[in-house]
Amino acid sequence: MTGITLTTDQIRNAPAPVRQWIEQEVITSLGLTPRAPAAIPAQAAHLVACSVDDVAGVLDHIRGTFPAVNVLFEFGRPGINYGQPAVMTFRLMDILHHTRLQQIEQVMTCLEMINQALTVVRKDPSARFCGFDNEGHCLIAPQTQASIATLWQDMMARQQMQQTKADDHIAPAA
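Just so you know, we're using the numbering used here here: the sequence shown kicks off at 1455 and counts up by one.
Next comes the structure, spelled out in structure tokens:
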């Protein structure tokens, strides 16, 4: 066995395929490979494009579980769009890092909660919010990402308007 030491700068400046290979090697060596989600026959499950209303319905179902809400809103960030039909990909390790969860299994549990909430919202047991590939990525429909981003922006705008109204009521008259 031969070992090699790389600096952070060397890894950061390496070509994308090399960085991805290093990432996979680290994930594998640390035992962080995500467990497979509940098996669903390929013909029975389908990745759906969620509307803003669908996402709001999912949010209502998971609202009491803060980590799942955090995971849901992670998909409001831009992802990598590829394939035909197009899907957006998000690295599970990035979701883990951004949500400050401790283990990839926690992310997977949150994603399963989101998938289950969508089946209730859509009244379709085969509907899936997300899927997975063999390289540690979560896949969603591009429209779903746009809907989550829109819902987040709407929520922030409403909160800002409420704060402005509250500040107007509190401010002393001059």
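By construction, the Cβ of each residue, glycine as well, lies at the ideal position given by its N, Cα and C atoms.
Please state whether DSSP places F1520 in a helix, a strand or coil.
Indexing the sequence shown from 1 puts residue 1520 at position 66. Reduced to three states, the DSSP call for F1520 is helix.
Is A1493 helix, strand or coil when you go by DSSP?
Translated into positions along the sequence shown, residue 1493 becomes position 39. Caution applies to A1493, whose pLDDT of 38 falls short of 50 and renders its modelled position unreliable; the value that the coordinates give is listed next. Three-state DSSP puts A1493 in coil, outside helix and strand.
Inter-residue spacing [alpha-carbon to alpha-carbon] between S1601 and Q1464:
Here residue 1601 is taken as the residue at index 147 of the sequence shown, counted from 1. Here residue 1464 is taken as the residue at index 10 of the sequence shown, counted from 1. Cα-Cα distance, rounded: 37 Å.
Taking the alpha helix (DSSP H) that T1462 falls in, what are its first and last residues?
The residue labelled residue 1462 in the question sits at position 8 within the sequence shown. Looking at the DSSP string, the run of the alpha helix (DSSP H) that includes T1462 is T1462 to N1467.
Please say whether F1529 and Q1607 have beta carbons closer to each other than 8 Å?
Here residue 1607 is taken as the residue at index 153 of the sequence shown, counted from 1. Here residue 1529 is taken as the residue at index 75 of the sequence shown, counted from 1. Contact flag unset, no.
Per DSSP, what kind of secondary structure is T1604 in: helix, strand or coil?
Taking the first residue of the sequence shown as position 1, residue 1604 is located at position 150. It is helical.
P1521 beta carbon less than 8 Å from that of C1584:
As a working mapping, residue 1584 is identified with position 130 in the sequence shown. As a working mapping, residue 1521 is identified with position 67 in the sequence shown. In terms of Cβ geometry, C1584 and P1521 do not form a close pair [threshold 8 Å].
Here's a check: name, in chain order, each residue in its chain whose Cβ is nearer than 8 Å to the Cβ of R1517, leaving out the five neighbours to either side.
On the sequence shown, residue 1517 is found 63 positions in, with the first residue counted as 1. Result list for R1517: V1523, in chain order.
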